[in-house]
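In what follows, a structure is listed as structure tokens, so that the remarks can point back to it.
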Amino acid sequence: MVCRYQKIKKNIPLEIFLEDRICYNDYVAISSINRMTSGGIFMLWTRSELKGRAKFLLKQNYWYSVLAALIYTFLLGNGFTYSYNALKNKNSEVETSIQGFHPILMLGIAATVAVVVVISFIVYLAIAYFLWNPMTVGCCKFFKNGRDGRQDVKDIFRMVRDCNKTIRMTMFLKTIYLALWSLLFIIPGVIKGYEYAMVPYLLLDHPEMSRQEIFAESKRMMMGNKWDAFVLDLSFIGWHLLGACTFGILTFLYVNPYQYYTEAELYHVLRDRM
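In numbering that gives the first Met the number 0, the protein residues as written are 0 to 273.
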């Protein structure tokens with residue numbers, strides 16, 4: 000059998016990869032020469048490789064991808080950021096208003112504010128457990144399935160109904176772990192964020208795994224790849240700055256879905272090549 004990848008090529012169309020897995024494996028072996036750093040360390044993937052395939056996938060299902068990215072960005076991200084900022088501003092207003100009050104009265108108001116904050120945090124965790132985290136997994140499912148052409152925006156909402164206790168609890172613990180690490184120091188929180196980055200994808204592919212196994216496998220997959228994944232995210236800064244110049248229009252219509260597909264492709268290559 001003559002392999003069509005006898006010469007190293009860049010940005011091979013994804014449908015060719017899926018059409019001929021034998022030659023794709025040959026392509027991976029041949030192109031490994033391009034993944035050697037100056038120190039002779041073998042790299043499992045390159046940024047141009049992932050981003051090239053992400054662009055291809057985005058073109059194949061553009062409008063649904065934009066819609067999924069909008070849901071991911073607004074419902075799962077901005078809504079909670081807005082709620083947090085609103086609560087923070089409200090607390091600042093209360094702190095300002097109690098200045099000059101009697102100490103006992105100030106203590107009572109402070110205790111009331113503390114109770115409100117605790118209740119708000121509990122409500123936030125409940126929403127994250129039942130809605131936010133399942134929808135996050137649903138979004139990951141949409142972009143992960145781009146390779147197979149089995150994408151459905153309804154999966155994002157369907158996951159809220161269909162996801163099991165393992166998915167909910169694992170994602171819930173991921174949220175708690177990252178919050179606790181971030182409270183200690185920013186950098187350890189960022190490192191742990193990349194270490195747990197593959198958790199939602201692993202939950203989709205390995206429902207038989209326990210929570211401990213999911214976290215351990217994500218850690219194993221990201222071992223030696225955290226810095227490269229960080230640089231991969233940094234490579235989108237220029238796009239986001241350009242999106243800011245268009246008042247976010249470019250970000251929502253192109254950059255966000257482009258980046259989400261790239262993240263899903265990172266999972267695929269780490270899963271297939273480790």
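For each residue, glycine too, the CB sits at the ideal point set by N, CA and C.
Residue j beta carbon less than 7 angstroms from that of residue i
{"i": "lysine 173", "j": "tyrosine 195", "result": "yes"}
{"i": "valine 116", "j": "proline 133", "result": "no"}
{"i": "leucine 56", "j": "tyrosine 257", "result": "no"}
{"i": "cysteine 139", "j": "proline 199", "result": "yes"}
Endpoints, the alpha helix (DSSP H) within which residue i is located
{"i": "histidine 239", "result": "236-244"}
{"i": "serine 47", "result": "46-59"}
{"i": "tryptophan 180", "result": "164-183"}
{"i": "threonine 261", "result": "255-272"}
{"i": "methionine 222", "result": "First-last for methionine 222: undefined, no H or E at that position."}
{"i": "arginine 157", "result": "153-161"}
{"i": "aspartate 147", "result": "That residue, aspartate 147, is in no alpha helix (DSSP H); it is neither H nor E in DSSP."}
{"i": "tyrosine 195", "result": "Tyrosine 195 -> no alpha helix (DSSP H), and no H or E assigned at all."}
Selection from the options that minimises the alpha carbon distance to residue i
{"i": "histidine 267", "options": "Asp204, Tyr253, Ile190, Phe129", "result": "Asp204"}
{"i": "asparagine 255", "options": "Cys244, Leu265, Trp238, Asp271", "result": "Trp238"}
{"i": "threonine 72", "options": "Gln211, Lys58, Gly137", "result": "Gly137"}
{"i": "aspartate 321", "options": "Ala113, Arg272, Glu264", "result": "With the chain running from 0 to 273 in the structure shown, residue 321 is simply not present."}
{"i": "arginine 272", "options": "Phe235, Met220, Leu231, Ser234", "result": "Met220"}
{"i": "alanine 228", "options": "Met197, Tyr253, Leu252", "result": "Met197"}
{"i": "lysine 277", "options": "Thr245, Gln211, Ile236, Ile186", "result": "Residue 277 cannot be examined here, being either before or after the span of the chain that is shown, 0 to 273."}
{"i": "proline 206", "options": "Asp161, Phe235, Phe184", "result": "Asp161"}
{"i": "lysine 143", "options": "Gly247, Ile126, Leu49", "result": "Leu49"}
8 angstroms CB neighbourhood of residue i in its chain, flanking five on each side removed
{"i": "valine 152", "result": "Tyr63, Leu66, Ala67, Ile70, Phe141"}
{"i": "leucine 249", "result": "Trp238, Leu241, Gly242"}
{"i": "leucine 269", "result": "Leu43, Trp44, Met197, Met220, Met221, Asn224"}
{"i": "glutamine 211", "result": "none"}
{"i": "phenylalanine 129", "result": "Val159, Arg167"}
{"i": "serine 209", "result": "Thr165"}
Close beta carbons around residue i, own chain, < 7 angstroms, minus the five adjacent residues each side
{"i": "leucine 202", "result": "Val136, Ile166, Thr169, Ile213"}
{"i": "alanine 53", "result": "Tyr257, Tyr260, Thr261, Glu264"}
{"i": "glycine 145", "result": "Leu56, Asn60, Tyr260, Ala263"}
{"i": "lysine 191", "result": "Tyr176, Leu177, Trp180"}
{"i": "tyrosine 253", "result": "none"}
{"i": "glycine 188", "result": "Leu177, Trp180, Ser181"}
{"i": "isoleucine 155", "result": "Ala67, Ile70, Met134, Gly137, Cys138, Phe141"}
{"i": "leucine 233", "result": "none"}
{"i": "alanine 127", "result": "Phe171, Thr174"}
{"i": "valine 114", "result": "none"}
{"i": "glutamine 150", "result": "Asn60, Tyr63, Phe141, Asn144"}
Contact set for residue i: own chain, Cβ-Cβ below 6 angstroms, skip 5 residues either direction
{"i": "asparagine 163", "result": "none"}
{"i": "leucine 231", "result": "Arg46"}
{"i": "lysine 218", "result": "Glu194"}
{"i": "phenylalanine 235", "result": "Gln258"}
{"i": "serine 31", "result": "Confidence is the limiting factor: at serine 31 the pLDDT is only 43, short of 50, which leaves the residue's position unreliable and the question unanswerable from this model."}
Open item on the list: Check whether the segment 105-113 and the segment 161-170 are in contact - that is, three or more C-beta pairs closer than 8 angstroms.
Closed with: No, the segment 105-113 does not touch the segment 161-170.
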